[in-house]
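As given, the protein sequences belong to chains Y and U, one line each in that order. Residue 896 is where the first sequence starts when you use our numbering, and the numbers rise one by one after that. Residue 764 is where the second sequence starts when you use our numbering, and the numbers rise one by one after that. Using N, Cα and C, we set each Cβ at its ideal position, and we do this for glycine too. Here is the structure we will look at.
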Amino acid sequence: DAKTTQPTSMDCAEGRAANLPCNHSTISGNEYVYWYRQIHSQGPQYIIHGLKNNETNEMASLIITEDRKSSTLILPHATLRDTAVYYCIVSPRDTGTASKLTFGTGTRLQVTL
Amino acid sequence: DSGVTQTPKHLITATGQRVTLRCSPRSGDLSVYWYQQSLDQGLQFLIQYYNGEERAKGNILERFSAQQFPDLHSELNLSSLELGDSALYFCASSVESLPSVQYFGAGTRLSVL
């Protein structure tokens, strides 16, 4: 699986957009980008995933560069409840029924008043 | 609520003992994954079962074993426990078509004294 690089920590003011970057320069053609987050010691929570097009759901937007070597997760209006560790993961698309998620160290996002 | 149920929430035991952690996946999900999260190792994949069969294996110790039953619930057995086994253990489940979109339970916190 491709390796990802994320900043260790970021701060964001409540109500502002949080833009979390991820580098995955060795991503291969069959690998998707997935984002998860973990609030305190709760179970990780799936946020969004994409291959090459930008994606949006009720939680966030995912912007993937044209060369697919990096991506940005955008939380449009961050709230205190969004304070968490955010993990960017790349995983092959054609895994059949076998898959594992390889979590790195993630980005610790602190949302402040 | 992810729909994945893990019991017990907390477990305190002594070195050398054996414990069993239980996981019920979301309704309809055939895959169950186990992850370990310790302070020094982060979130690590242990093992995956799909419809009762082992499908993928991570860095799972020989003292650890798992199984998935016909009703699709899974158990993770940890034996000859050591202090270093103290960690959060998460179970996740996924649908067949999207194995990398995994839904995590709230975890079992194991303390080995």
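Check: Would you report the Cα separation of residue 868/U and residue 836/U, rounded to the nearest angstrom?
Finding: Between residue 868/U and residue 836/U, the C-alpha separation is close to 13 Å.
Notebook entry, point to check: Can you list, in chain order, the residues of the segment 966-982 of chain Y whose Cβ is nearer than 9 Å to any Cβ on chain U?
Noted result: Among the residues of the segment 966-982 of chain Y, those with a Cβ less than 9 Å away from any Cβ of chain U are 982, in the order of the chain.
Next item on the list: Using only alpha-carbon positions, find the residue among 870/U, 821/U and 866/U that is nearest to residue 935/Y.
Entry: Considering only alpha carbons, the answer is 870/U.
Next item on the list: Give the single residue among 898/Y, 901/Y, 907/Y and 903/Y whose Cα lies nearest to the Cα of residue 1010/Y.
Entry: Because chain Y spans 896 through 1008 in this model, residue 1010/Y falls outside it and cannot be assessed.
Notebook entry, point to check: Can you tell me whether DSSP reads residue 975/Y as helix, strand or coil?
Noted result: In the three-state reduction of the DSSP assignment, residue 975/Y falls in the helix class, which pools H, G and I.
Next item on the list: With a threshold of 16 other CB atoms inside 10 Å of the CB of residue 926/Y, please say whether the residue is buried or exposed.
Entry: Burial is judged here by how many other beta carbons sit within 10 angstroms of a residue's own beta carbon; residue 926/Y has at least 16 and is buried.
Check: In three-state DSSP terms, what is residue 906/Y?
Finding: Residue 906/Y carries a strand assignment under DSSP once its states are collapsed to helix, strand and coil.
Margin query: Checking the sheet assignment: what are the DSSP bridge partners for residue 853/U?
Written below: Bridge partners of residue 853/U: 798/U.
Next item on the list: Count the other C-beta atoms from every protein chain shown that fall within 10 angstroms of the C-beta of residue 863/U, then say buried if there are 16 or more, exposed otherwise.
Entry: Residue environment for residue 863/U: buried (at least 16 other C-beta atoms within 10 angstroms of its C-beta).
Next item on the list: Go ahead and pull the three-state DSSP assignment for residue 999/Y.
Entry: Residue state, collapsed to three classes: coil.
Margin query: For a quick check, are the C-beta atoms of residue 782/U and residue 873/U less than 8 Å apart?
Written below: The answer is yes: Cβ separation under 8 Å.
Notebook entry, point to check: the segment 784-805 of chain U: which residues have C-beta closer than 9 Å to a C-beta of chain Y, in chain order?
Noted result: Here the close residues are 793, 794, 796, 798, 800 and 805.
Checklist line | Sub-8 Å separation of residue 996/Y and residue 827/U beta-carbons | finding: Taking 8 Å as the cut-off, the beta carbon of residue 996/Y is found no closer than this to the beta carbon of residue 827/U.
Next item on the list: With 9 Å as the C-beta to C-beta threshold (strictly closer), list the residues of the segment 764-783 of chain U near chain Y in chain order.
Entry: Look at the segment 764-783 of chain U: the residues with a C-beta under 9 Å from a C-beta of chain Y are 765, 767 and 769.
Next item on the list: Please decide whether residue 956/Y counts as near chain U, where near means a Cβ-Cβ distance under 8 Å.
Entry: No, its Cβ sits nowhere closer than 8 Å to a Cβ of chain U.
Check: Taking only runs of the beta strand (DSSP E) that begin and end inside the segment 917-992 of chain Y, which ones reach a length of at least 3 residues, in chain order?
Finding: Within the segment 917-992 of chain Y, the complete beta strand (DSSP E) runs of at least 3 residues are 926-933, 940-945, 956-959, 965-970 and 979-987.
Next item on the list: List the whole-angstrom C-beta distance separating residue 812/U from residue 865/U, where the pair is believed to meet the contact cut-off of C-beta under 8 Å.
Entry: 13 Å between Cβ atoms; not a contact.
Item checked: Inter-residue Cα distance where the pair is residue 998/Y and residue 980/Y -> Distance between the alpha carbons of residue 998/Y and residue 980/Y is about 11 Å.
Checklist line | Cut-off 6 Å between Cβ atoms - residues of its own chain near residue 952/Y, not counting five sequence neighbours on either side | finding: Non-local C-beta neighbours of residue 952/Y in its own chain, meaning closer than 6 Å and more than five positions away in sequence, comprise 943, ordered along the chain.
Next item on the list: For residue 937/Y, go through chain U and note every residue whose CB falls closer than 7 Å to its CB, in chain order.
Entry: Close partners of residue 937/Y in chain U (Cβ separation under 7 Å): 869.
Next item on the list: Verify whether the separation of the beta carbon atoms of residue 914/Y and residue 969/Y is less than 8 Å.
Entry: Here residue 914/Y is near residue 969/Y, since their CB atoms are less than 8 Å apart.
Check: Between which two residues does the beta strand (DSSP E) harbouring residue 807/U extend?
Finding: 805-813 is the span of the beta strand (DSSP E), which, as asked, contains residue 807/U.
Next item on the list: Let me know the secondary structure DSSP gives residue 774/U once reduced to three states.
Entry: In the displayed model, residue 774/U falls within a strand according to three-state DSSP.
Note to self: Quick check: the Cα distance between residue 817/U and residue 829/U, rounded to an integer number of angstroms?
What the structure shows: Distance between the alpha carbons of residue 817/U and residue 829/U: 9 Å.
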